[in-house]
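Trainee: So that we are looking at the same thing, I have put the structure below in structure tokens.
Protein chains in written order, with my numbering: chain L, 816 to 1235; chain Y, 816 to 1235; chain Z, 816 to 1235; chain B, 816 to 1235.
If you want it as structure tokens, here you go:
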């Protein structure tokens, strides 16, 4: 994590409170029972997310820096540690659904308890202490934002497994405008600087700034749509081995996959489970909830290819960010691109699969201690995704941000942008 | 199920209400989150038990007999059917934990709704209708009592998987008196009549009354205790293949079993998780939560054997029932035998594993329709248990009652009585 | 095992040689490569069968009784012990296919070595020693005959998994005569003596002779045919849950079973893989290679039931054995019943599934030492089969013989006889 | 595959014969039974390798180019196709051990049949045909050499699973000389050209020649030794999460890994199973048969890192190849480095894990038709290895050669070279 000069305290407290309360807003529509289940191993119970992101502040900020701080409950460190081996034993990921206790109301009390003590700490800490703790507090907030995104996708998955298919919110967005054919925008070859260089926050995996040599390429001006993906399906794409990586094909066959996650065929019509319930497939919206394998097979069928993460970052340098559809819209679903030929949807809507493995940049090194476990140990078997999604907070994303998932995962908002 | 002459309505309504409210009493100490999880496939979420036993009355009593009855919710038949193929699709057993909705409060409303309409039906039905529906209502109540027992054992299992080891109730029973060595009581050989012959309720698996020829045998006057079982463990019983059935040994080895379920070794001392929390092992209490394999291995080590279900029933004819420790005690744990040499604990405390497969009696036939699926289709690979447990309602058990579980199951209150 | 008075040595040597060489005759048509594979865990490599049955004589006869005997190879006891925990570690069943060495020719040398030393021992042992070892030798021969049957069924399975569907022998038996409808023969109720009472050899599981009380019943005069079973299939039997035990139905669904093992549908015609290759289904031959679940479902669909093992044994007492189609015919496939209404196929052709669990008879006790592991430890979760099959040596079967398999197994020659 | 000018026919025939007969030499010490088993899914039966590499010539050379050619057996295309979806159905990889037929002698006959017809084709084909088929023939030979390497590693694995631990050859190489500490050799940063540029044969995955920008780095002058790896083990390396990628740690824990594959601890001494049997660990030999996870953890413990594949290729350009220990040595085990500080073991001995995912080079495209399935479809979840091993034919390796395996695989000859 890059170092930070301590920002003025009041503003920081306000930012802290705002991010923390956003987590609770996301959970507000849930029943207590929704917050405890884990229908697949990748999903964590919402109650766990809320407690774990709180534990982070207790463990790494309050305990070291607030003199005399008493932990809220002696067992919570064990219950709500996620993957930090350095700080002790932890509940195995696949057993998180056994945590029916503490009940939800205790987790809310835990959040209040920690929030109040963070407020106390920020008010009375001296400058030296603040200088030391503010980067950790910032990391805690970035971490909370990451869990906000996971909360959204995990809630969607939890609701989708219920035979009643309950909606998270009821209002149905207006339908999408007609859409033009995609265009391809040129990015000139040459040497590009990759990685985070500014003063603001970044994760350690964005460091090891280095230069890469790229050839000329061009990039699609928007995301691939449901309609375009449906054409691939209707052309027999899922059955034609020529378009698939071998392990992708095996996955498709052994799971009998025929469509993106959350697509349901009813009486010959494609329906989609969304955060506002089951709706007919809208052709102009970006296709989402697909695996890397599906993205790659689509690209192969279309006679194009996916970008590398370096190409994506170069394209983002050449075509600076416009506004995007982020968590703040409250839609929690990607929306259709606007008419026009300019670069669109580079940020927000969908994470974009790249054909780059999630590996360390040259010169990458992990931080000492528990916070060093944040990213480095996951640098195998995962693919990089870029640009954020409709579940990402707008303040959380940036050009150099590297998200990563295994190529078979589909429960995140993941989509396709093509290159040629 | 045997036919029943219709009892006076008022008494029946009271009995209905009392059994139904007992289910709710069992669930009263739970948090909503406790009622939705399924930490292993044999366990069902408590919320599901409450809804399923209610659905039974709606499906088999209200819909056929209460004119104009509207189901509480059109999806509940799908959600809360357990295994009746005849009445339609059902949620797979292993997916019951996906049912975060309907929330617990809706399930309580469902129970009230059905209770009120049963009351209405019983009040206004004519004699002919009553004669027809009363046996089904009785089956529904027996069914509810079976689920009460499962509720108790499932709740215990759910709490045990939580790292906090929360207690279901807090008061700790007084400790057990000293205990004399067991004696063996004789049962003379001869022809015994097996199966249910009287007027009262019984399940179809108790019918097919028939005679069996038995040799002389004698039977232990109480259940095997924790102390006696501990001696088997300390003699290396779990490591000595000579005492084990081959599949039992494989299970013990692959799961690294060393003790009954819920026993925990802490600093060289055996502790036991109970419904009132973790407590030191009490040597005089009956050993419980063991598999058939463990019961059989213990018997083999002790130079004795288990009874067959026919021997058990004959012994119960020769030594008529005394009082027992049933669900009504509210203890939900077996208690120590009283001093003395008479027959004890034949009913209540622990289900007793017999060395009899759960097969049809001669002349067994299933009822037509959905209720015929009640018992017959489970007549393979399971062993018969007799006598009820501390989780069984006193009014639910009888001499001819045949319970059945797979020989590896341990989460019921199951124990050992020896024969020689 | 019952004790035996020592038979005259020459006759015994001849019997020993004849049974031992029959094992080699069964393996004669195999390639070395056929003898090493294990396409499913129930199947053992033929090479292993040949070595294991030889090891039995080395371990239990030569080592204790032939002074100065040197084992053929110091590792063979480890390699070829099957399930005798008493005599040391053993290769796990699922890893038997790793035994590419010793090669087949070494196993033949091992057999010769042991045969010669058995000959030497029988020739020079004194009467006292003979009296002691002859029962063990006899057990070894019975054991070898059991493995001959397994050899036949395992070879059939191995050949069936090869895409070339190679035939074990090439000549095709003549087709079957027309067949009359089955009749049901009466067996009067009363007390029957069950278990082995004579002087000849029997296994320990046939002892604990006891009396059982049976009701009147009647029994089908022949086995159920392919044609009759096909009618069940064509009536939708595999899809109709009403006929199935619940675990049988789950098996049928999860494995997508539609027919007996070895039936293949080709262009709308049913073909069957047999020991003489793929042939069209012959309707008059007995249906074979079915699980207990399929047998029970068929009986349920036909409005009949299976016999218990006690009923089977009583019927065999009332209707004494005729000749049957055994291993000696060399056909290794069941043949059609002859026209007529008398009792047929009670012995040979197919093992007949009974609705009796494989449990100890009253008074059953295991022999001390390793030979005590022969039968008793398998007395759980298996069903009894009676009467022998076309792979059973004629001299191996008897009225009281109890074979046993798990209810899902299909690779033995197993069929159906109905009762009513 | 790059195009080739047709070489003189006689020389080509000789080369064809020499490579083909080398395959048979590798299999000469095997028993027929050794050639049919598949003790884990990654391993193929040697008989299958011999037939599959032959099928390649029949399918892609003889059938299209030799007029009137009759296939040796109509089923072999089905049996011995490996992964070419384009040319039809194929036996699943995990079922290759069911192929007990055709027997080994038929496979040898198949090889002779195809060899003779290739000879005939090469002798009588005109120049135009030769120009077309020679690149395919070359690909077939390269393919055969790849299977030779797999044959060696699969044979080693098959022998290692046999409890007798049989040796492949019996002579024991002389022990290794003392070894100096490793040095690190500098490679200057700058732009390097990556990928195959010359006239000779290469695989399609080496094309898409492109330039990469590298920083300065230095590279270890030899492979990491057993002794150095043992120090990592003795320092608790397998138990210390700080050194491991998270998925590597999970693998180590769930499989209880403590050492490289083939290391066995006997009475406190480390022994190693080799192609000449079990031998005491030699400290100066290169550590081999380790996963990428183990290589990366070792590097992390040593305070160094692995090279990327681009760095490896740059280092090989700067330090040109010396001789190496290849398949031709017949040792089939890595040997110790020679004293001295020059670059050693860059080729042969061990494949070297790089921290590069096996992805397409820029501009990579697959060939049309079945041969296009050769490499591209595996470009996910695998890591690149460079330099060849003691099982690689010397004529098969080159600077730009990209081998690839999943990061958990250990049965190839795989080792470690560090960078800093």
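The beta carbon of each residue, even a glycine, is placed where N, CA and C say it ideally should be.
Let me see if you follow: with CB-CB separation under 9 angstroms, is residue 912 (chain Z) close to chain B or not?
Mentor: As a working mapping, residue 912 (chain Z) is identified with position 97 in the third chain. Put simply, the CB of residue 912 (chain Z) is near chain B, with a gap under 9 angstroms to one of its CB atoms.
Trainee: Are the Cβ atoms of residue 1101 (chain Y) and residue 1038 (chain Y) separated by less than 9 angstroms?
Mentor: Within the second chain, numbered from 1, the residue matching residue 1101 (chain Y) stands at position 286. Within the second chain, numbered from 1, the residue matching residue 1038 (chain Y) stands at position 223. In contact: residue 1101 (chain Y) and residue 1038 (chain Y) (Cβ atoms closer than 9 angstroms).
Trainee: When you compare only the Cα positions, how much space is there between residue 1140 (chain L) and residue 887 (chain L)?
Mentor: Your numbering for residue 1140 (chain L) matches position 325 in the first chain. Your numbering for residue 887 (chain L) matches position 72 in the first chain. Looking at the two C-alpha atoms, the distance is approximately 37 angstroms.
Trainee: Assuming residue 1195 (chain L) is part of the alpha helix (DSSP H), what are its boundary residues?
Mentor: As a working note, residue 1195 (chain L) is residue 380 in the first chain. DSSP places residue 1195 (chain L) outside any alpha helix (DSSP H), giving it a letter other than H or E.
Trainee: Any beta-carbon of chain L closer than 9 angstroms to the one on residue 818 (chain B)?
Mentor: Within the fourth chain, the letter at position 3 stands for residue 818 (chain B). Here the model assigns residue 818 (chain B) a pLDDT of 43, short of 50, so the residue's position is not dependable, and the following value carries that caveat. So no, residue 818 (chain B) is outside the interface.
Trainee: With DSSP as the reference, identify every bridge partner of residue 1035 (chain L), one or two as the case may be.
Mentor: Against the first chain, residue 1035 (chain L) aligns to sequence position 220. For residue 1035 (chain L), which the question treats as bridged, DSSP gives the partners L:999.
Trainee: Going by other Cβ atoms of all chains shown within 10 Å of its Cβ, with 16 needed for buried, is residue 993 (chain Z) buried or exposed?
Mentor: Looking up residue 993 (chain Z) in the third chain gives position 178. By the 16-neighbour rule on beta-carbons within 10 angstroms, residue 993 (chain Z) is exposed.
Trainee: Taking 9 angstroms as the threshold (C-beta atoms), are residue 1015 (chain Y) and residue 1213 (chain Y) in contact?
Mentor: Translated into the one-based positions of the second chain, residue 1213 (chain Y) becomes position 398. Translated into the one-based positions of the second chain, residue 1015 (chain Y) becomes position 200. Going by C-beta atoms, residue 1213 (chain Y) is nearer than 9 angstroms to residue 1015 (chain Y).
Trainee: Against chain Y, with Cβ distances strictly below 9 angstroms, would residue 1171 (chain Z) count as a contact?
Mentor: For the purposes of this step, residue 1171 (chain Z) is identified with residue 356 of the third chain, where counting begins at 1. Taking Cβ atoms only, chain Y reaches closer than 9 angstroms to residue 1171 (chain Z), which makes this a yes.
Trainee: For a cutoff of 9 angstroms on Cβ pairs, would you count residue 781 (chain Z) as touching chain B?
Mentor: What is shown of chain Z runs 816 to 1235, which leaves residue 781 (chain Z) out entirely.
Trainee: Distance cutoff 9 angstroms, beta carbons only. Does residue 821 (chain L) sit that close to anything in chain Y?
Mentor: Here the question's residue 821 (chain L) lines up with position 6 in the first chain. Its pLDDT being 47, under 50, residue 821 (chain L) is placed unreliably in this model, and the coordinates cannot settle the point.
Trainee: Provide the residue span of the beta strand (DSSP E) that contains residue 1236 (chain L), from first to last.
Mentor: Outside the displayed range of chain L (816 to 1235) lies residue 1236 (chain L), so it cannot be described from this structure.
Trainee: Residues bridged to residue 1199 (chain L) by DSSP?
Mentor: Here residue 1199 (chain L) refers to the residue found at position 384 of the first chain. In the DSSP output, where bridge partners are listed per residue, residue 1199 (chain L) has L:1219.
Trainee: At a cut of 8 angstroms, does the segment 1107 to 1116 of chain B reach the segment 1145 to 1158 of chain B through at least three beta carbon pairs?
Mentor: no
Trainee: Answer yes if the segment 1088 to 1107 of chain L comes into contact with the segment 1158 to 1172 of chain L, meaning at least three C-beta pairs across the two stretches below 8 angstroms, and no otherwise.
Mentor: Enough Cβ pairs lie closer than 8 angstroms, so yes.
Trainee: What residues in the segment 845 to 856 of chain L bring their beta carbon closer than 9 angstroms to a beta carbon of chain Y?
Mentor: 845, 846, 847, 848, 849, 850, 851, 852, 853 and 854
Trainee: Between the alpha carbons of residue 851 (chain Y) and residue 1058 (chain B), how many angstroms are there, rounded?
Mentor: Stepping through the second chain from its first residue, residue 851 (chain Y) is reached at position 36. Stepping through the fourth chain from its first residue, residue 1058 (chain B) is reached at position 243. Near 39 angstroms, if we compare the C-alpha coordinates of residue 1058 (chain B) and residue 851 (chain Y).
Trainee: Could you name the residues that DSSP lists as bridge partners for residue 962 (chain L)?
Mentor: Locating residue 962 (chain L) in the first chain gives position 147, counting from the first residue. DSSP, once it has assigned bridges, lists no residue as partnering residue 962 (chain L).
Trainee: CA-CA distance, residue 893 (chain Z) and residue 1071 (chain B)?
Mentor: Position 78 of the third chain holds residue 893 (chain Z). Position 256 of the fourth chain holds residue 1071 (chain B). Distance between the alpha carbons of residue 893 (chain Z) and residue 1071 (chain B): 25 angstroms.
Trainee: Less than 7 angstroms between C-beta atoms, sequence neighbours within five positions excluded: which residues of the same chain meet that for residue 998 (chain B)?
Mentor: In the fourth chain, the residue the question calls residue 998 (chain B) occupies position 183. 1036 and 1156.
Trainee: Is residue 865 (chain L) close to chain B, meaning its C-beta is less than 9 angstroms from at least one C-beta of that chain?
Mentor: Along the first chain, one-based indexing puts residue 865 (chain L) at 50. Chain B, which has no Cβ nearer than 9 angstroms to the Cβ of residue 865 (chain L), makes this no.
Trainee: Taking the C-alpha atoms as reference points, what is the distance between residue 1062 (chain B) and residue 1084 (chain Y)?
Mentor: In the fourth chain, counting from the first residue as 1, residue 1062 (chain B) sits at position 247. In the second chain, counting from the first residue as 1, residue 1084 (chain Y) sits at position 269. Taking the straight line joining both Cα atoms gives about 36 angstroms.
Trainee: Tell me, please, whether the CB atom of residue 829 (chain L) is closer than 9 angstroms to any CB atom in chain Y?
Mentor: To locate residue 829 (chain L), count along the first chain from 1; it is residue 14. So no, residue 829 (chain L) is outside the interface.
Trainee: Below 8 angstroms CB to CB, which residues in the same chain sit around residue 839 (chain Y) once its five sequence neighbours on both sides are set aside?
Mentor: For the purposes of this step, residue 839 (chain Y) is taken as residue 24 along the second chain, with counting starting at 1. 865, 923 and 926, listed in sequence order.
Trainee: Using DSSP's beta-bridge definition, name the partner residues of residue 1168 (chain B).
Mentor: The count along the fourth chain starts at 1 and reaches residue 1168 (chain B) at position 353. Bridge partners of residue 1168 (chain B): B:1200.
Trainee: What residue range is occupied by the uninterrupted alpha helix (DSSP H) comprising residue 863 (chain Y)?
Mentor: Walking along the second chain from the start, residue 863 (chain Y) turns up at place 48. First-last of the alpha helix (DSSP H) with residue 863 (chain Y): 861 to 872.
Trainee: Figure out for me which residue from B:1154, B:1119 and B:1021 has the closest Cα to the Cα of residue 1219 (chain B).
Mentor: Numbered from its first residue, the fourth chain carries residue 1219 (chain B) at position 404. Comparing Cα positions, the closest option is B:1021.
Trainee: Please state whether the Cβ-Cβ distance between residue 1230 (chain B) and residue 1110 (chain B) is less than 9 angstroms.
Mentor: Residue 1230 (chain B) sits at position 415 when you count from the first residue of the fourth chain. Residue 1110 (chain B) sits at position 295 when you count from the first residue of the fourth chain. A contact, by the Cβ cut-off of 9 angstroms.
Trainee: So what does residue 1083 (chain Y) bridge to, in DSSP terms?
Mentor: Within the second chain, numbered from 1, the residue matching residue 1083 (chain Y) stands at position 268. The partner list for residue 1083 (chain Y) (beta bridge, DSSP) is empty, contrary to what the question assumes.
Trainee: Who are the neighbours of residue 973 (chain L) on chain Y, taking C-beta pairs under 7 angstroms?
Mentor: Numbered from its first residue, the first chain carries residue 973 (chain L) at position 158. The contacting residues are 915.
Trainee: Exposed or buried, which one is residue 1054 (chain L) when buried takes at least 16 other CB atoms within 10 Å?
Mentor: As a working mapping, residue 1054 (chain L) is identified with position 239 in the first chain. Under this definition residue 1054 (chain L) is an exposed residue.
Trainee: Assuming residue 1097 (chain Y) contacts residue 1041 (chain Y) under a Cβ cut-off of 8 angstroms, what Cβ separation, rounded to an integer in Å, is found between them?
Mentor: Against the second chain, residue 1097 (chain Y) aligns to sequence position 282. Against the second chain, residue 1041 (chain Y) aligns to sequence position 226. At roughly 6 angstroms, the Cβ-Cβ gap stays under 8 angstroms, so residue 1097 (chain Y) and residue 1041 (chain Y) are in contact.
Trainee: Establish whether the CB of residue 896 (chain Z) and some CB of chain B are separated by less than 9 angstroms.
Mentor: Mapped onto the third chain, residue 896 (chain Z) falls at position 81. No, residue 896 (chain Z) lies away from the interface with chain B (no Cβ there is under 9 angstroms from its Cβ).
Trainee: Could you tell me which chain Y residues have their CB closer than 7 angstroms to the CB of residue 1026 (chain Z), listed as they occur along the chain?
Mentor: Against the third chain, residue 1026 (chain Z) aligns to sequence position 211. Going along chain Y in sequence order, the residues near residue 1026 (chain Z) (Cβ under 7 angstroms) are 1028.
Trainee: Starting from residue 1194 (chain Y), find everything on chain Z with Cβ-Cβ shorter than 7 angstroms and list it in chain order.
Mentor: Position 379 of the second chain, counted from the first residue, corresponds to residue 1194 (chain Y). Simply 1060.
Trainee: Give me the Cα-Cα distance between residue 962 (chain B) and residue 1232 (chain L), rounded to the nearest whole angstrom.
Mentor: Counting from 1 along the fourth chain, the entry for residue 962 (chain B) is found at position 147. Counting from 1 along the first chain, the entry for residue 1232 (chain L) is found at position 417. So the two alpha carbons sit approximately 38 angstroms from each other.
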